[in-house]
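Reviewing the structure listed below.
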Amino acid sequence: LGDTCVDMAMEDTPPIQPSIICLCRYTVYCLTTGGTVRWQIRLERVGTALMVYSTGKETLSIRLCVTTSSNSLLVFMDNKLMWNSQTEDTIVAIKLSSYSSTYQSVLSMLSVSGRVSIGYLGTEPNLYKVPIDNRFIDFKAKIQEMRTIEASLKDTGNVGVENKTVFTMKAVPGELEKGAVGLFIYQLDK
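Read in the UniProt record's numbering, the sequence shown has 155 at position 155, and its numbers run on one by one without any break.
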């Protein structure tokens with residue numbers, strides 16, 4: 001592979017072709033059992049942990065989670081990034097766990113500092129939705145109001161404007177080490 005293998009996993013759940021997934025420092029390789037590369041993922045940061053999981057549905061794609069040294073959890077379907085999450089610390093081990101009937105299929109993550117975190121990649125509904133405003137908008141009245149404002153702007157657009165030309169000139173005195181810049185502004189009345 002040309003790189004240090006950090007973690008490895010096997011996927012041979014039918015109908016998926018049996019595959020070996022290798023997490024190297026900057027690359028994730030998916031190899032056939034014969035050693036041929038099926039696909040690869042190039043990582044921007046150093047990969048620290050790998051987990052291959054199954055959704056229970058028959059699918060032809062391999063689903064995997066990769067954690068990186070930038071405290072990121074990346075969820076892939078084959079070599080396509082599906083989801084990205086930030087973790088509190090750098091994760092060195094990740095497993096799919098079930099602790100009781102309440103906590104099914106949760107992510108157990110061990111950080112570099114020895115902290116164990118339990119996470120859930122669920123579909124929790126958004127609790128903070130913006131309420132829909134049900135008031136009636138009279139578009140004809142709003143268009144007429146906009147035209148009135150535009151007409152008043154056109155009428156008062158040139159009030160108080162004097163024609164002046166501004167001429168700017170920069171002069172640099174001659175010391176090489178000190179570059180002092182002078183700015184002169186002349187106003188010429190027409």
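Glycine included, each C-beta is placed from N, C-alpha and C at the ideal position.
Helix, strand or coil for residue i? Go by DSSP, reduced to three states.
i	result
GLY2	coil
GLN104	coil
PHE76	strand
GLN144	helix
ILE21	strand
GLU150	helix
ASP155	helix
If you count every other CB in all the chains shown that lies within 10 Å of the CB of residue i, and 16 or more means buried, which is it?
i	result
GLU150	exposed
CYS24	buried
MET146	exposed
VAL116	exposed
ILE94	buried
MET51	buried
Write down the C-beta distance between residue i and residue j rounded to the nearest angstrom, noting that I regard them as a contact closer than 8 angstroms.
i	j	result
CYS22	LEU1	6 angstroms
SER69	ARG45	5 angstroms
GLN66	GLY47	Here residue 66 turns out to be Val, not Gln, going by the sequence shown. Going by Cβ atoms, the distance from VAL66 to GLY47 rounds to 5 angstroms, so yes, they are a contact pair.
THR87	LEU96	So it is not a contact: roughly 16 angstroms between Cβ atoms.
VAL112	THR90	5 angstroms
Restricting to Cα atoms, I'd like to know which of the options is closest to residue i.
i	options	result
SER54	VAL116, VAL112, VAL106 and GLU145	VAL106
THR102	VAL116, VAL75, ALA93 and TYR120	TYR120
THR59	PRO14, SER152, VAL112 and ALA9	PRO14
THR4	ALA49, ASN79 and SER100	ALA49
Using a beta-carbon distance below 9 angstroms, is residue i in contact with chain B?
i	result
GLY114	In summary, chain B is missing from the structure at hand, where a single protein chain is found.
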